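Asks:
There are 2 protein chains.
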Amino acid sequence: MKRTVFVFSALIVSLLILFQLSKYAYVSNDISIEIIISVIAIVFLVIGLYINRKSSKNQKHLSIAIDHKKVKQLGISKREYEVLVQISRGLSNKEIADTLFVSESTIKTHVSNLLLKLDAKRRTQAIQKAKDLQILPV
Amino acid sequence: MKRTVFVFSALIVSLLILFQLSKYAYVSNDISIEIIISVIAIVFLVIGLYINRKSSKNQKHLSIAIDHKKVKQLGISKREYEVLVQISRGLSNKEIADTLFVSESTIKTHVSNLLLKLDAKRRTQAIQKAKDLQILPV
DNA sequence: ATCGTTTTGGCACTTTGGTATGAGTCCCAC
DNA sequence: GTGGGACTCATACCAAAGTGCCAAAACGAT
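The listed protein sequences correspond, in order, to chains U and S.
First residue of the first sequence? That's 1 in this note's numbering, and the numbers climb one at a time after it.
First residue of the second sequence? That's 1 in this note's numbering, and the numbers climb one at a time after it.
1) Measure the alpha-carbon distance for Gly90 (chain U) versus Leu116 (chain S) and round it to whole angstroms.
2) Return helix, strand or coil for Val85 (chain S), following the three-state DSSP convention.
3) Does any C-beta atom of chain U lie closer than 8 Å to the C-beta of Gly75 (chain S)?
4) Have a look at His61 (chain S) and His68 (chain S) and give me their C-alpha separation to the nearest angstrom.
5) Within this structure, are the beta carbons of Val111 (chain U) and Val85 (chain U) separated by less than 8 Å?
6) Determine the extent of the alpha helix (DSSP H) in which Ser112 (chain S) is found, giving its start and end residues.
7) If contact means a Cβ-Cβ distance below 8 Å, which residues of the segment 124-135 of chain S contact chain U?
8) Would you give the residue range spanned by the alpha helix (DSSP H) that Asp67 (chain U) belongs to?
9) Work out the CA separation of Leu45 (chain U) and Ala137 (chain S) for me, nearest whole Å.
10) CB Ser88 (chain U) to CB Ala130 (chain U), shorter than 8 Å?
11) Look at the alpha carbon of Gln128 (chain U) and the alpha carbon of Leu114 (chain S), and state the distance between them as a whole number of angstroms.
12) Which chain U residues are close to Arg79 (chain S), counting only those with a beta carbon under 9 Å from its beta carbon?
13) Around the C-beta of Asn135 (chain S), are 16 or more other C-beta atoms found within 10 angstroms, so that it is buried, or is it exposed?
14) Any beta carbon of chain U sitting closer than 8 Å to that of Val85 (chain S)?
15) The segment 88-116 of chain S: which residues have C-beta closer than 8 Å to a C-beta of chain U, in chain order?
16) Would you identify the three-state DSSP class for Ile135 (chain U), choosing helix, strand or coil?
17) To the nearest angstrom, how far is it from the Cα of Val108 (chain S) to the Cα of Asn93 (chain S)?
The structure is reproduced here in structure tokens:
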């Protein structure tokens, strides 16, 4: 939002500058009218591209953002979410147990609960559903 | 590529038109010089935005684009790739067998070969690696 | 301090996944 | 027409994943 304001301010300022320049060009007759117009064209092309870059960056961030609210809505606890992340990295229950310093039984319990909460039959399906729900980076 | 050519053609044409207009404005003195400049500014702003929209669309397509060459490099066959896609959708071997109209044994063979070729220990890891290698939509 | 949730874990059991091996069919290239 | 690759399938076996049930410890809020 703040950036949009900044962009429009810059736009207005450059407009004013260009009006001044165009008057100056008019005074010194026809030597540079094409150059002025070219400059204007380039400047506004760049401005257009700049605005575009901003919006595409926003899109990127949106597609990566994780919906923490949805995690809570699904009743997925903090620890369960950690397990979910490790599952999506392709780790086995034993490996997850080792990285989280708990027993494999515990991981199995967490996984079982995750499958229930995500309405999935397998861990691979859980990964897919979690990404659809934007609770895992796509 | 074709669209880029189109955009640049439009850009050059509009430039020529604007030069003509600017000369006309010069002949009819200073009544419309600001208007001409405004028009130029708006036109090129729009062109910039248009190019931006295109490039952001391209970015989207790029992030989704699949590296078919890499699939071949890894020696993954057509059928194996089909199985890989179904794995990433979260299907079980039996379900994949049903959707591809073959036996579960066949799918097991394909999966085993896939794990070898992707250097993965589990199907979840295969999904992860395949996405890293851009042979599956991220 | 007590209640509810989370986290942890064990055990027995079933299901699914993955390996190894071997083999038959099909098709394409040389 | 022969060899090689891709696709198919089976069997046997082991590993991993997942279920059900239970229960204790830890934690957080009122």
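Beta carbons are placed, not taken as given, at the ideal position from N, Cα and C, and that holds for glycine.
Nothing here was measured: the structure is a model prediction, and the numbers come from that model.
Replies: Looking at the coordinates:
1) 15 Å
2) Three-state DSSP puts Val85 (chain S) in a helix.
3) no
4) Bear in mind that the predicted position of His61 (chain S) carries a pLDDT of just 48, short of 50, making it too unreliable to give a figure here.
5) Result no, Cβ atoms of Val111 (chain U) and Val85 (chain U) do not sit closer than 8 Å.
6) Bounds of the alpha helix (DSSP H) holding Ser112 (chain S) are Glu104 to Leu118.
7) Here the close residues are Thr124, Gln125, Ala126, Ile127, Gln128 and Lys129.
8) Per DSSP, Asp67 (chain U) belongs to no alpha helix (DSSP H) and is neither H nor E.
9) Correcting the residue identity first, residue 137 (chain S) is Pro in this sequence and not Ala. Distance between the alpha carbons of Pro137 (chain S) and Leu45 (chain U): 33 Å.
10) yes
11) 19 Å
12) Result: empty, since nearest Cβ-Cβ is about 19 Å, beyond 9 Å.
13) Contrary to the premise, residue 135 (chain S) reads as Ile rather than Asn in this sequence. It counts as buried.
14) no
15) Ser88, Arg89, Gly90, Leu91 and Ser92
16) coil
17) As written in the sequence, residue 108 (chain S) is Lys, which differs from the Val given in the question. Near 7 Å, if we compare the C-alpha coordinates of Asn93 (chain S) and Lys108 (chain S).
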